[in-house]
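Residue numbers (our numbering): -8 to 177.
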């Protein structure tokens, strides 16, 4: 998803400059965006709020986001505007902006639009524990395959290194006639 975030930061007509620093910045930005999405999904307006300057500014940002997408699919600008909403979301989450300073309608519109942009327009997806578990399981299986190849080539040093490193992180390997199995050490 960080690669998608990186690509959305550049206009589709622009040349991309892929560097380690750019990817690290994209990962950081993606995490910040997804943290805000998770935060606003959990928020509910208590129902008491007045129309204030914050409402006006939020509606300006929402309109700008839509205009950015209508302006030759300007995802870098839309993403930048989305991060302006991230600031408001974080202020609400941290208590630096009270819910009574934002009307219920404005909050709901901000929440709906922000989540629509993050998940539907930008195409990011919620990462769940099962995603992480699937990736983890796949990585362990890959290491077992590499270890089995090392064993077949009588590369005992590599085989033992993989087994020992997996054990250090709580993975027990069991070699049997049907192949290698693994389990988490409790």
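Yeah, the Cβ is synthetic: ideal placement off N, Cα and C, and Gly gets one too.
_According to DSSP, is residue 0 part of a helix, a strand, or is it coil?_
coil
_Helix, strand or coil at residue 94 according to DSSP, with G and I counted as helix_ = coil
_Using 9 Å as the threshold, is the C-beta distance between residue 50 and residue 21 below it?_
no
*Hey, out of 25, 12 and 4, whose CA is closest to residue 106's CA?*
Just measuring C-alpha positions, the residue of 25, 12 and 4 sitting nearest residue 106 is 25.
*Can you name the start and end residues of the beta strand (DSSP E) that residue 174 belongs to?*
170 to 175
_residue 58 versus residue 72 - alpha carbon distance_ = 11 Å
*Compare the Cα-Cα distances from residue 5 to each of 67, 97 and 48 and report the closest residue.*
67
*Buried or exposed: residue 108, going by 16 or more other Cβ atoms within 10 Å of its Cβ?*
buried
*asked:* Just to confirm before moving on: does the CB-CB distance between residue 46 and residue 97 stay below 9 Å?
replied: yes
*Expressed to the nearest angstrom, what Euclidean distance is found between the alpha-carbon atoms of residue 39 and residue 89?*
10 Å
*Could you tell me whether the Cβ of residue 117 comes closer than 9 Å to any Cβ of chain D?*
The displayed structure is made up of one protein chain only, and chain D is not part of it.
*Keeping to the same chain, check which residues put their C-beta closer than 7 Å to that of residue 95; ignore five residues upstream and five downstream.*
Here the set comprises 36, 38 and 40.
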